[in-house]
Amino acid sequence: MPGKKERLIVELYEDDPERADAVVFGRRTDPARRGFLAGAGLAAMTAAVGGPLVFGSGMPAGLVPAALAQDKKDAPPPAPDAPKGPQLLQFPGKDPGLVVLGDRPLVAETPERLLDDETTTTARFFIRNNGQMPEATKEPDAWKIVVDGEVNSRLELTLGELKSRFTPVTRRLVLECGGNGRSFFTPQARGNQWTNGGAGCAEWTGVRVADVLKAAGVKPSAVFSGHFGADPNLSGDASRQALSRGVPIAKLMDESNLIVWAMNGQPLLPVHGFPARLLIPGWPGSVSEKWLTRIWIRDKVHDGQGMGGTSYRVAIRPMVPGGKADPANFRDLESMPVRSIVTSPANGARLPAGAREIALRGAAWAGDHTVRAVDVSIDYGSSWQSASLGQPRNPYDWQRWTATVKLPSDGYYEVWARATDSRGVVQPHIAGNWNPQGYGANPMHRIAVLVG
Amino acid sequence: MTPARRGSRRSRRLPAGAQALAALAVLVALPAIEAAGQKRERPREEQPEDYPAGPNREDTFYFCTACHGFKIVAQQGMSRDRWNETLDVMVARHKMPDVQGAEREKMLDYLERAFPERRQPGGWKNPFAPD
Chain A
11 MPGKKERLIV ELYEDDPERA DAVVFGRRTD PARRGFLAGA GLAAMTAAVG
61 GPLVFGSGMP AGLVPAALAQ DKKDAPPPAP DAPKGPQLLQ FPGKDPGLVV
111 LGDRPLVAET PERLLDDETT TTARFFIRNN GQMPEATKEP DAWKIVVDGE
161 VNSRLELTLG ELKSRFTPVT RRLVLECGGN GRSFFTPQAR GNQWTNGGAG
211 CAEWTGVRVA DVLKAAGVKP SAVFSGHFGA DPNLSGDASR QALSRGVPIA
261 KLMDESNLIV WAMNGQPLLP VHGFPARLLI PGWPGSVSEK WLTRIWIRDK
311 VHDGQGMGGT SYRVAIRPMV PGGKADPANF RDLESMPVRS IVTSPANGAR
361 LPAGAREIAL RGAAWAGDHT VRAVDVSIDY GSSWQSASLG QPRNPYDWQR
411 WTATVKLPSD GYYEVWARAT DSRGVVQPHI AGNWNPQGYG ANPMHRIAVL
461 VG
Chain B
4 MTPARRGSRR SRRLPAGAQA LAALAVLVAL PAIEAAGQKR ERPREEQPED
54 YPAGPNREDT FYFCTACHGF KIVAQQGMSR DRWNETLDVM VARHKMPDVQ
104 GAEREKMLDY LERAFPERRQ PGGWKNPFAP D
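Residue numbers (this note's numbering), protein chains in the order written: chain A, 11 to 462; chain B, 4 to 134.
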């Protein structure tokens, strides 16, 4: 039974994720294996994936089969002393299945299979720090937040005052790192190599940014915001922010934007911005400043740390992948692109011989837009079937989906999922529009499943 | 510009004793994995030895880790030119000391050799690849 197998895998992971990775995924790869596939045709591919390559003839040309994606013909031998396998997170209050991309600053992503909850738990929510972690305040309600610049009256409010003066709202909102999907770029783009796990959808409680700005009175000269947090710059230079980005005023006034103090009904964890952070959904997570201290309303585009150059920016005229970037040819990445993921079964699930269908679950979201359709394929996109797609609870919520696919035989299958946003924009097969720091990669999600 | 040194990479040969140990490790694979799971309970500070061996490894490691962990470095795979651009970005935006000349070339030698450009998609790992 597929369902039973699924549960078993989940249990394995809950019991000991690293062992599960080894047992279920066979992740401890032997470097000597490289080169085995050189020049191999279908027969070798079939051997490599460990089962018949069902629908092999339908595989799009130029697409490396998912099962072979990490192999390369004339790759130099891998470095002998490189650490093996993913490093799993050990952090108070966080799920040990998260994969560490960097320790300093701390960056950890959520494997797709751990995004299977309707609402992402705090423990499973990804972490993206840009600087050092500020010390957790002992008096959260005394935390000060300043709103200044192009406003009629400068505000300096404590978190306690914010809570009492404005109406709190709770919304389920997707927060997504601007670099989510970066690892799918070819050649590799610079930065943390996110797969699809730099995203989560939690319930956030706070007050509307727009209400606070109305209280301050935004002047007609206002153009852009600049956000500031208490996290020190990694270099220790106190004059420099770890990160300070902003958005145009029209986006800032969106009523889904919140100054939040609670995540899933609990005070923010220190690593998620305790005691208060911005939540500006739909755009790169870097505009949702953690440990928020100030919103500066500016009369020009903000020029803080992480603005300009090629940071959080994409090419205007498409550039040659791997080529040299002309800084004049870049614009800010605004809305995040449409994305869907299969959250169950896990990539690497094994089904017993004779299993003839797979129940799929997943999520889809699309930045400022909604998702109109999710389709799944088990033949590399030669044919598609519609998934049953849920509706968002509120703007910027993700949409959960389910589907059941039928299998004609035992063997190796890849399940591909693609979403279409409310404008009709569909996820591509591969990450396109290459840019040096790797923003906007949203290729279809694929999982491999072995039956028998 | 120093040419790429891929050709000079020596293959690692295990001494006979280690080969015997490796064979034994295959026989006791499951307990070894469990032991590795327990080992995770005690994280340690990263060290240069955690990363690919090569000339200038220590200097590069300690230079970069003055500000950030080396794992972010080791995640990358870039051509020498793009590594050089990356160091320029670190200088311009992240307060890295502007090291030029022989010192920079040495770091580029290591970075280019240890973390060369990878042109294959990196984000999707084969769960069923044979060992």
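Backbone N, C-alpha and C fix where the C-beta goes; we use that ideal spot for every residue, glycine too.
Between the CA atoms of residue j and residue i - distance to the nearest angstrom
i	j	result
SER231 (chain A)	GLY189 (chain A)	32 angstroms
GLN447 (chain A)	LYS334 (chain A)	12 angstroms
ASN443 (chain A)	ALA325 (chain A)	7 angstroms
LYS261 (chain A)	MET273 (chain A)	22 angstroms
ALA92 (chain A)	GLN409 (chain A)	Note on ALA92 (chain A): pLDDT 45, under 50, position unreliable in the model; no value is reported.
GLY246 (chain A)	LEU116 (chain A)	16 angstroms
ALA133 (chain A)	ASP127 (chain A)	11 angstroms
PRO438 (chain A)	SER193 (chain A)	15 angstroms
THR89 (chain B)	VAL102 (chain B)	13 angstroms
THR129 (chain A)	ARG403 (chain A)	11 angstroms
ALA212 (chain A)	PHE135 (chain A)	8 angstroms
ALA117 (chain B)	GLU52 (chain B)	12 angstroms
GLU424 (chain A)	THR353 (chain A)	14 angstroms
HIS237 (chain A)	LEU98 (chain A)	31 angstroms
ALA69 (chain B)	GLY191 (chain A)	28 angstroms
GLN198 (chain A)	TYR449 (chain A)	12 angstroms
GLU106 (chain B)	GLN78 (chain B)	22 angstroms
Buried/exposed call for residue i, threshold 16 Cβ in 10 Å
i	result
MET99 (chain B)	buried
LYS148 (chain A)	exposed
GLY104 (chain B)	exposed
GLN41 (chain B)	Note that GLN41 (chain B) scores a pLDDT of 40, beneath 50, so its modelled location is shaky and nothing firm can be said.
GLU160 (chain A)	buried
SER350 (chain A)	buried
GLY103 (chain A)	exposed
ASN445 (chain A)	buried
ALA132 (chain B)	buried
LYS128 (chain B)	buried
TYR65 (chain B)	exposed
ALA413 (chain A)	buried
PRO70 (chain A)	Caution is warranted here: a pLDDT of 48 is assigned to PRO70 (chain A), below 50, making its placement in the model unreliable, and the coordinate value is therefore given only provisionally. By the 10 Å Cβ count, PRO70 (chain A) comes out exposed.
GLU166 (chain A)	exposed
THR177 (chain A)	exposed
ARG123 (chain A)	buried
LYS154 (chain A)	exposed
GLU299 (chain A)	buried
GLU186 (chain A)	buried
SER266 (chain A)	buried
DSSP-derived helix/strand/coil call for residue i
i	result
TRP271 (chain A)	strand
ALA85 (chain A)	At ALA85 (chain A) the pLDDT is 42, less than 50, meaning the model places this residue with poor confidence; the figure from the coordinates comes in the next sentence. Of the three classes helix, strand and coil, the one that applies to ALA85 (chain A) here is coil, per DSSP.
VAL330 (chain A)	coil
ASP91 (chain B)	helix
MET263 (chain A)	coil
VAL184 (chain A)	strand
HIS97 (chain B)	helix
LYS109 (chain B)	helix
GLY104 (chain B)	helix
CYS70 (chain B)	coil
LYS224 (chain A)	helix
TYR423 (chain A)	strand
LYS173 (chain A)	helix
THR63 (chain B)	helix
HIS282 (chain A)	helix
ALA1 (chain B)	Nothing in the structure corresponds to residue 1 (chain B), since chain B is present only between 4 and 134.
TRP375 (chain A)	strand
GLU49 (chain B)	coil
LEU460 (chain A)	strand
GLU122 (chain A)	helix
ALA42 (chain A)	Low local confidence applies: a pLDDT of 31 at ALA42 (chain A) is under 50, so the model's placement there is unreliable, with the coordinate-based value given in what follows. ALA42 (chain A): helix per DSSP, three-state reduction.
ASP151 (chain A)	helix
PHE340 (chain A)	strand
For residue i: DSSP bridge partner residues
i	result
ILE307 (chain A)	A:GLY159 and A:SER235
HIS455 (chain A)	A:ALA427
TRP301 (chain A)	TRP301 (chain A) pairs with nothing; no bridge assigned.
GLY392 (chain A)	According to the sequence provided, residue 392 (chain A) is Ser. The question's Gly does not apply to it. Partner(s): none; SER392 (chain A) has no beta bridge.
Q.
Output needed in chain order: residues of the stretch 184-216 of chain A with a Cβ under 7 angstroms from some Cβ in chain B.
A. From the stretch 184-216 of chain A, only SER193, PHE194, THR196, PRO197, GLN198, ARG200, ASN202, GLN203 and THR205 have a Cβ closer than 7 angstroms to chain B.
Q) Quick one, which residues of the stretch 411-428 of chain A are near chain B if we go by CB-CB under 8 angstroms, in chain order? A) Within the stretch 411-428 of chain A, those residues whose Cβ lies closer than 8 angstroms to any Cβ of chain B are, in chain order, TYR422.
Q: Check each residue of the stretch 224-252 of chain A: if its Cβ is closer than 9 angstroms to any Cβ of chain B, include it; give the result in chain order.
A: Taking 9 angstroms as the Cβ-Cβ cut-off, the stretch 224-252 of chain A approaches chain B at ASN243, LEU244, SER245, GLY246, ASP247 and ARG250, given in chain order.
Q) In chain order, what residues of the stretch 127-143 of chain A put their CB closer than 9 angstroms to some CB of chain B? A) Residues of the stretch 127-143 of chain A with a C-beta less than 9 angstroms from any C-beta of chain B: none at all.
Q.
What are the residues in the stretch 337-371 of chain A lying within 7 angstroms of chain B by C-beta distance?
A. Cβ contacts with chain B come from ASN357 and GLY358.
Q: Report the residues of the stretch 108-123 of chain A with a CB closer than 8 angstroms to any CB of chain C, ordered along the chain.
A: Among the protein chains in the structure shown, which are A and B, there is no chain C.
Q.
Can you pull out the residues from the stretch 443-460 of chain A whose beta carbon lies closer than 7 angstroms to at least one beta carbon of chain B?
A. For the stretch 443-460 of chain A, which is checked against every Cβ of chain B, the residues closer than 7 angstroms are ARG456, ALA458 and LEU460.
Q. What are the residues of the stretch 55-72 of chain B that lie near chain A, defined by any Cβ-Cβ distance shorter than 7 angstroms?
A. Per Cβ criterion, the list reads PRO55, ALA56, CYS70, HIS71 and GLY72.
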